[in-house]
Every structure is written in C-alpha cells, then in structure tokens.
Ligand code: C2E
Ligand code: CA
Ligand code: CA
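Residue numbers (the numbering used here): 3 to 568.
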C-alpha cells in the first residue's frame, strides 16, 4: 500500500473512532462525511442537507451564504444543546487557493458533564439540598428584592417549627424524618400560591414570605395543614407558627431580622401543643410584663377561691347512660368575668403554678364526690386533669391518695386524665407510677390520645385503663377518609388491648354513628352538652342513670376471648 493511501485510510479510521461527533458538508451544503459518534449522538442521516441538519437557529444564522461570502465565518466556536446534550461546536470552512468555498466541517465537543456541574453548583448556591426549596441565604435575597420592588405593600414573614421533630427521627429513623421534610416541600409545590416564597431554613424550620393581603388566619391554617400533611405515616404534625408583619413597626429591618422576630414570636408558644400561632409585635416585651401582673392576679385568685369547676358529661351513646364527667377549671374573675383555661393554664404550666391549681381542682372534685355520696349518688364519677408537671415533679401518689382519704372518696370514682404527651419521656418510671395508682384503685386515662407522637409506642409499655381520643385532632385533617381510617384503627387497637375509648369533641350525630360503627360508644362533647356549672350538671343528671365504665372494660375482655381468638 502506498504511504499516501495508507495515510488517507488511517485518517479516516481516526476520524471515525473519535469520541466527538464530526460532520462535513460540501460546497452545495450536502453531507460529505460524518463519523460514528455523529451517527450515534447527533443521529446524522446519509444525504442530509446542512440546513435540515442544523436545528440551532444561531448556527443557522452563522452559516447563511451571505455571511459566508463576506468571509465572516471562516472559523467559529459556539455552544449548543441538541439531542439531550450540551456541545461546544468548533466550525471551520474550507476555501481553495482561488477563494472558492469548498465546504465546512463541524466538530462537536460534548460538554454536558461540565455544564451539569456548573448548573449544580449554581443550583445549590440557591437551593436546599434535601428539599429543593430556596435555601436560607437565597430566600433572604428574594425577600429583599420583593420588599424593594413593592415598597408600599405589606408582607408577612412567617416562621414555622415542627413540635418535637427529633422524636420523628428517633422513632421512625433519620430517613423517614428526611422523607417527611421532603414531603412538606412537595406538598407546598402542589398548593402554593403566586407570590408566596417558601424556604427551608434549617432542620425542621421553614419560612414563608407572603403578601399580607392573602392572609386570613383560618384559611391560612388550612393551607398549612395541607403543606404539613404527612400521608406516609399519617402522623399528626403539630407545627408552631410565628408571624411578623412588615407593618408592625416603622423602622427598616432586613429580612433576616424579620425572620428572627417571627421566630421569637414562635418561641413564646413553643412547648404548648394547644397553641399554634403567635404574632410578633413591639409590645411583646410590655405584654410579658402584663403577664406577670396577671400571674400575681391569678395567685391571688387561687387564694380567694375564684377557680371553680365545670363538668362535661361522658355518655354511653348506646344507652344514654352517663359514665362520669370531666372537671374543667374556670376562673370566675370578679373583674373579667369567666375566664377559660386556655388563657391561664399555659401560663401556669410555664411558671409551675399548675401544680397548685391542679391540686385545688382535684380537691373540688373530691369534695363534690363526697357530697354526692352523702346525697345518695355514690355511683357518680368525675375525672380530673393531671398536668405533666404534676406527673413528673411531685409526689403525685401521696398527694392524690391523701386527698381521697381526706374526703372519704372511693378511688374508683375519681379518674385521672394524664395527657399523652406526658408519656414521651422516661416511660419506665411513669409506668411504675401508673401501676401504683391503679393498684390503689384509680382508673387512669390517657388524654388527647392521637395528638402526639408517643401514641402507639407508649401503649406497649403502659397499661392505661381508658383512652381519650380527641375528634378535634382529626377534624383538622384535610383528608377525611384517611383520618377516619386512623380513628378506626386506633379504636380497634384499643379494643384489642381491652381498653375502652372515650371520644372527645363529638359534636354531631354523624360522628356518633361513625364511632358506634367502629366500636366506640362513650363520647364527650357538645353533642350531649358543653361543660356545665355544678348546679347545671346536677340537673342534667337528675334524668339520667350512671353506668360503670368497668363494666365496659369487662365486656371488652369477654369479647376479646370470644371474637378475637386467632
Ligand atoms: P382537655 O382536657 O382536652 O379538655 C377538653 C376540652 O375540649 C375542654 O375545653 C372542653 O370544653 C372542650 N370540648 C369538649 N367538647 C367539645 C366539643 O364538642 N367541641 C369542641 N370544639 N370542644 C369541646 P376547656 O374546658 O376550654 O379546656 C381546655 C383545656 O384546658 C383542657 O383540654 C385541659 O388540657 C386544660 N384544663 C382544663 N381544666 C384543667 C385542670 O383542672 N387542670 C389542668 N392541668 N388542665 C386543665
Ligand atoms: Ca382532659
Ligand atoms: Ca382531651
């Protein structure tokens, strides 16, 4: 083989084996040659014309005959995206010695990976790695821009923090915790509104910036419920919300300071599962002072016996009999009228005075039971609330047994409601305490079952006599059939554990029907009655019979062996 011939052949082989696609067109813009890579990556077809081959309008413009004849395109570089990849094109025209155009060849360099890396870098400069939401820094940048562009509009900076998020991680594992956060981001993408900016700050903290004109508290909470809905584990996620309005004060502060203030507001309600929203304002500090005043006032009220009990009946919906009543505290203030517990119980819980207040309520309950016994109504029962502080920090056993002894009350008549969230910590020791209380004769109820995180977990360790399931927790859910499934399985589980369920917050016949259907017959709620004064309750009871919940427990035990044998 001639050396020349060999060289030509080798050139052809090398070109064909090159990684980069190469295409060559002749002076009539007909395809002259292309290599294998061009066939594979650019899907070049035999006989194609230059104009049909080139999809990129910029490249088409570069290669128009007019520009070509003006000699502007002898050699050029340009980037293009085609066939799902990024390329850098190197083009070179061929002209003969007499200045006649011969053709053009194009070499495509695949730069997809570099592009991606560059994109990724810019992506993560502004996005949160886990959720893909705006990250903290970029969020503040967007907010600053929005404020700048809309100087006259009022905006809200909203901070959100999930209650006891670390429990999700501990109980379900880190991966599940991450999934939960990702799910929140995806939910937001589904329900977001124009002009709302959502960001993940750190961990389980999110921030939302929105026009104030879009805000109406109730609707907003519904929106937030949707965002924080967890459809995988169907957990009830309680998140605290702190709100700062850009109109709250005249001074100009930057977005980060706004967020900090929103968060400050949030912190004021953190730990109180009954509260969700708090607003920041400059008067907060002053209000704290006022709070202290109220505490003094409350202390005085406690000494002056201004706290009284209201009673809400718990009714067996099957036969209308009353199994007992829950005592709920009210403050009869000569100055303010009747004050509801939501206004002072959280305060007392914070400063520890709940210990005294609870004791006062228990004493009122015991006194009432003793009085009824004397009047021939020894079958009536009352349940009292026991705050987590009392459960953990005091000698609950000594104090409560002391009380029933003092008033000669049978312990079976006084039921103890301990909130589910109190069982989160230190279960072993509390299990022991619960057992001692039960051995003494008290019935122990788990209050607000289903609201928190311990639910199923704690049930395996603690044998509770009665579960109180709050329908309000399920009402808030967007997905009705789903929450009905949860309630159903909770009741089923409780029944299997031979533990009767009292459904709280029952307001209508539909709920009664549903609950009876799934095997829950005892209900407490506005459907039968709101909490009443003692006198009203006595009147209510005149026409009703009492029923012993222990009979229901017995019934469940018998059922257990009858029906549920595997
Ligand atoms: P809780 O123990 O879950 O009490 C039930 C609350 O739900 C009561 O509110 C009751 O009025 C309300 N409720 C009952 N039925 C319905 C209904 O059908 N619909 C709706 N929407 N609500 C219903 P209340 O009396 O305002 O008490 C609020 C909370 O304050 C109680 O929640 C309890 O945690 C606390 N509390 C009340 N009294 C005491 C007490 O003596 N000691 C302690 N530690 N906490 C108390
Ligand atoms: Ca209760
Ligand atoms: Ca409750």
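Using N, Cα and C, we set each Cβ at its ideal position, and we do this for glycine too.
Residue 525 vs residue 504 beta-carbon contact at 8 Å = Going by C-beta atoms, residue 525 is nearer than 8 Å to residue 504.
Going by C-alpha distance, which of 268, 189, 135, 164 is nearest residue 202?
-> 135
Which same chain residues, not among the five before or five after residue 206, have their C-beta less than 6 Å away from its C-beta?
-> Closer than 6 Å at Cβ, skipping near neighbours: 164, 167.
Verify the contact flag: residue 394, CB atom, against every heavy atom of ligand 1, threshold strictly below 7 Å.
-> No; taking the cut-off as 7 Å, the Cβ of residue 394 has no heavy atom of ligand 1 nearer than that.
Under 8 Å Cβ to Cβ from residue 97, same chain only, skipping five residues before and after it: list those, please.
-> 76, 103, 104
Report the three-state DSSP secondary structure of residue 105 (helix, strand or coil).
-> DSSP places residue 105 in strand when its eight states are reduced to three.
Selection from 170, 191, 395, 158 that minimises the alpha carbon distance to residue 211 | 158
For the alpha helix (DSSP H) that contains residue 343, what are its first and last residues?
-> 343-353
What number of angstroms, rounded off, separates the C-alpha of residue 55 from the C-alpha of residue 26?
-> 11 Å
Secondary structure at residue 61, three-state DSSP: helix, strand or coil?
-> helix
Which stretch, first to last residue, makes up the beta strand (DSSP E) that contains residue 24?
-> 24-28
In angstroms with no decimal places, state the Cα-to-Cα distance between residue 15 and residue 49.
-> Whole-angstrom Cα-Cα distance: 21 Å.
Any C-beta of chain D sitting closer than 8 Å to the C-beta of residue 320?
-> Chain labels in this structure do not include chain D; a single protein chain is all it has.
Residue 143 Cβ short of 7 Å to ligand 3 heavy atom set = no
At a cut-off of 7 Å, is residue 314 close to ligand 1 when judged by its beta-carbon and the heavy atoms of the ligand?
-> For ligand 1, at least one heavy atom lies less than 7 Å from the Cβ of residue 314.
Alpha carbon to alpha carbon, how far is residue 260 from residue 248?
-> C-alpha separation (whole angstroms): 8 Å.
Is residue 163 helix, strand or coil by DSSP?
-> strand
Chain-ordered list of residues that sit, by beta carbon, closer than 6 Å to a heavy atom of ligand 3 | After applying the 6 Å Cβ criterion, the set is 449, 450, 470, 472, 506.
Quick one: residues in its chain with C-beta nearer than 8 Å to the C-beta of residue 559, no 5 flanking neighbours on either side, listed in chain order?
-> 500, listed in sequence order.
Limits of the beta strand (DSSP E) - the one that residue 387 falls within = 384-388
In the DSSP assignment, what are the bridge partners of residue 472?
-> 506
Kindly indicate which three-state DSSP category residue 207 falls into: helix, strand or coil?
-> strand
Anticipated Cβ contact below 8 Å, residue 113 with residue 88, distance rounded = 5 Å
Does DSSP put residue 493 in a helix, in a strand, or in coil?
-> helix
Would residue 325 pass as a contact of residue 383 if the rule is Cβ separation under 8 Å?
-> With respect to residue 383, residue 325 sits close: the two C-beta atoms are nearer than 8 Å.
Residue ranges of each beta strand (DSSP E) run of no fewer than 3 residues wholly in the region 132-182, ordered along the chain?
-> The qualifying runs are 157-164.
Check residue 270 in the structure and name its three-state DSSP category.
-> coil
For residue 143 and residue 43, the rounded distance between their alpha carbons | 40 Å
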